[in-house]
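Worksheet: one structure, shown below.
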Amino acid sequence: MRSVDYDTEQYQDYARGRALTQQQLGVWINAFEAVLPDRRPLVGLDIGSGTGRFTPALADAFGPVTGIEPSVRMREVARTRSQHPGVRYLAGAAEDMPVPSDSADYALLFLSWHHVQDKTRAAQELTRVLRPGGRLLLRANFSDHHPRPWWLEHFPNGYEVDAALFQPLHEVIAGFTSLGWRVVSFDTVTEPSSGTYGDMLERLRLRTLSFFAQLSPDELETGFRRLEQTVAADPGAPAPVFAEPLLTLELR
Ligand SMILES: C[S@@+](CC[C@H](N)C(=O)[O-])C[C@H]1O[C@@H](n2cnc3c(N)ncnc32)[C@H](O)[C@@H]1O
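Going by the working numbering, 401 is the number at position 126 of the sequence shown; the sequence numbering is gapless.
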């Protein structure tokens, strides 16, 4: 994978390119609630919190959250977008988190696991910071359980290129079970539609997905040309939905 430096790429457009409606956010919070303990408050970590797409909503739903994010620019955007008394953002990475041992009830990694360079170290660090019984919510893609967003196959080898950014499911699970974690569930979540085909094309043009960083200029041009042709046929129709994987693990 060509790594993405969020301090020089994407940070200006990420919040717009990856915006969630309140309804979509609500679907995710419900999915997290279904795999978290009932007691409140829960102490949460949003690891790779980015522009804070989820962090304030996690704090509203479950209790205080620390967003851990390596990119200065992404943290700046997050702090500008929302000041929430239950949220703080700290510099750090999954491999090295500035939080005490046994201090969190859950950690969310929402599309940040594939950016983690040293996954062994990150799994050890998650084992350190979560309390026994703590839960890890991995909204990751997996090379063998990869979602099929409607737009992806317009790009040359789009599905294969995107799936190759991710580990197979068994590899992720083995990395955690070897450290004493167990699988709670492996499910999918389907967000309500993001809007019309036309809306989605405008957002895809912002290229706030790591997938686009893997393509050559020719592949980008071909893909967007094909996409424009498809969208032009019915720009006002709702963009189709697709199922996204969510793996939940528990530290024994
Ligand atoms: C696709 S964004 C996801 C941001 C946020 N979770 C969301 O869903 O909007 C990936 C984020 O992971 C961060 N990241 C990169 N390397 C990381 C690491 N080693 N540990 C934690 N986060 C990392 C990036 O800086 C970026 O903000």
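In this text, a Cβ means the ideal position worked out from N, Cα and C, and glycines have one as well.
For Trp388, the three-state DSSP class (helix, strand or coil): Start at 1 with the first residue of the sequence shown, and residue 388 comes out as number 113. DSSP places Trp388 within a helical segment (H, G or I) once states are collapsed to three.
Hey, out of Arg363, Arg410 and Gln392, whose CA is closest to Asp377's CA? If you number the sequence shown from 1, residue 377 lands on position 102. Asp377 has its Cα closest to that of Arg410, out of Arg363, Arg410 and Gln392.
Residue burial classification, Arg328 (beta-carbon count within 10 angstroms, cutoff 16): Sequence index remark: in the sequence shown, residue 328 carries index 53 (1-based). Buried, by the Cβ-count rule.
Please state whether the Cβ-Cβ distance between Leu524 and Val458 is less than 8 Å. Taking the first residue of the sequence shown as 1, we reach residue 524 at position 249. Taking the first residue of the sequence shown as 1, we reach residue 458 at position 183. Their beta carbons are under 8 Å apart, which means Leu524 touches Val458 by this criterion.
Buried versus exposed call for Ser485 [16 or more other C-beta atoms within 10 Å across all chains shown]: One-based indexing of the sequence shown puts residue 485 at position 210. The residue is buried, with at least 16 neighbouring Cβ atoms inside 10 Å.
How would you label Ala512, buried or exposed, when you count the other beta carbons within 10 angstroms and need 16 or more for buried? For the purposes of this step, residue 512 is taken as residue 237 along the sequence shown, with counting starting at 1. Exposed.
Which whole-angstrom value describes the C-beta separation of Glu477 and Val516, a residue pair presumed to lie in contact below a C-beta threshold of 8 Å? On the sequence shown, residue 477 is found 202 positions in, with the first residue counted as 1. On the sequence shown, residue 516 is found 241 positions in, with the first residue counted as 1. Taking the Cβ atoms as the reference, Glu477 lies roughly 18 Å from Val516, outside the contact range of under 8 Å.
Taking Pro526 as the reference, give the member of His421, Trp426, Val404 and Gln504 with the closest Cα. Taking the sequence shown and counting its residues from 1, one reaches residue 526 at position 251. Here residue 526 is Leu; the residue named in the question, Pro, does not match the sequence. Measuring from the Cα of Leu526, the nearest candidate turns out to be Val404.
Minimum C-alpha distance to Arg356 - residue among Pro375, Gly325, Leu386 and Thr471: On the sequence shown, position 81 is the one that residue 356 refers to. Per the C-alpha coordinates, the member of Pro375, Gly325, Leu386 and Thr471 positioned closest to Arg356 is Gly325.
Can you tell me whether Gly498 is buried or exposed? The criterion is at least 16 other CB atoms within 10 Å of its CB, across all chains shown. In the sequence shown, counting from the first residue as 1, residue 498 sits at position 223. Gly498 should be labelled buried.
Output the boundary residues of the beta strand (DSSP E) element that contains Tyr364. As a working mapping, residue 364 is identified with position 89 in the sequence shown. Per DSSP, Tyr364 belongs to the beta strand (DSSP E) from Val362 to Ala366.
What do you get for Pro347, buried or exposed, if any count of 16 or more other CB atoms within 10 angstroms of its CB means buried? Along the sequence shown, one-based indexing puts residue 347 at 72. According to the sequence as given, residue 347 is Val; it is not Pro. So Val347 ends up on the exposed side.
Less than 8 Å between the beta carbons of Ala369 and Val352, yes or no? Within the sequence shown, the letter at position 94 stands for residue 369. Within the sequence shown, the letter at position 77 stands for residue 352. No, these two residues do not count as a Cβ contact at 8 Å.
Just to confirm, does Thr395 get its C-beta within under 7 Å of one of the non-hydrogen atoms of ligand 1? For this step, residue 395 is matched to residue 120 along the sequence shown. In this structure, Thr395 has its beta carbon at no less than 7 Å from each heavy atom of ligand 1.
Looking only at DSSP bridge pairs, what is His420 linked to? Locating residue 420 in the sequence shown gives position 145, counting from the first residue. Beta-bridge pairing by DSSP links His420 to Phe417.
Can you tell me whether Asn305 is buried or exposed? The criterion is at least 16 other CB atoms within 10 Å of its CB, across all chains shown. One-based indexing of the sequence shown puts residue 305 at position 30. Under this definition Asn305 is an exposed residue.
Round the Cβ separation of Phe430 and Leu481 to the nearest angstrom and send it over; I've been treating them as touching at under 8 Å. Within the sequence shown, numbered from 1, the residue matching residue 430 stands at position 155. Within the sequence shown, numbered from 1, the residue matching residue 481 stands at position 206. Phe430 to Leu481, Cβ: 15 Å. No contact.
Phe487 - DSSP class collapsed to helix/strand/coil: Walking along the sequence shown from the start, residue 487 turns up at place 212. Here DSSP, grouped into helix, strand and coil, assigns Phe487 to helix.
When DSSP labels each residue in this structure, what does Val506 get in the three-state scheme? Indexing the sequence shown from 1 puts residue 506 at position 231. Helix.
CB of Met276 to nearest heavy atom of ligand 1: below 7 Å? As a first step, residue 276 is located in the sequence shown; it is residue number 1 there, counting from the start. With a threshold of 7 Å, the Cβ atom of Met276 does not count as near ligand 1, since no heavy atom of the ligand is closer than that.
Sheet register partners of Phe461 (DSSP bridge): Within the sequence shown, numbered from 1, the residue matching residue 461 stands at position 186. Bridge partners of Phe461: Leu522.
Contact between the region 293 to 309 and the region 331 to 351 is defined here as three or more beta-carbon pairs at a separation below 8 Å; is this criterion met? In short, these stretches touch, since the Cβ pair count reaches three.
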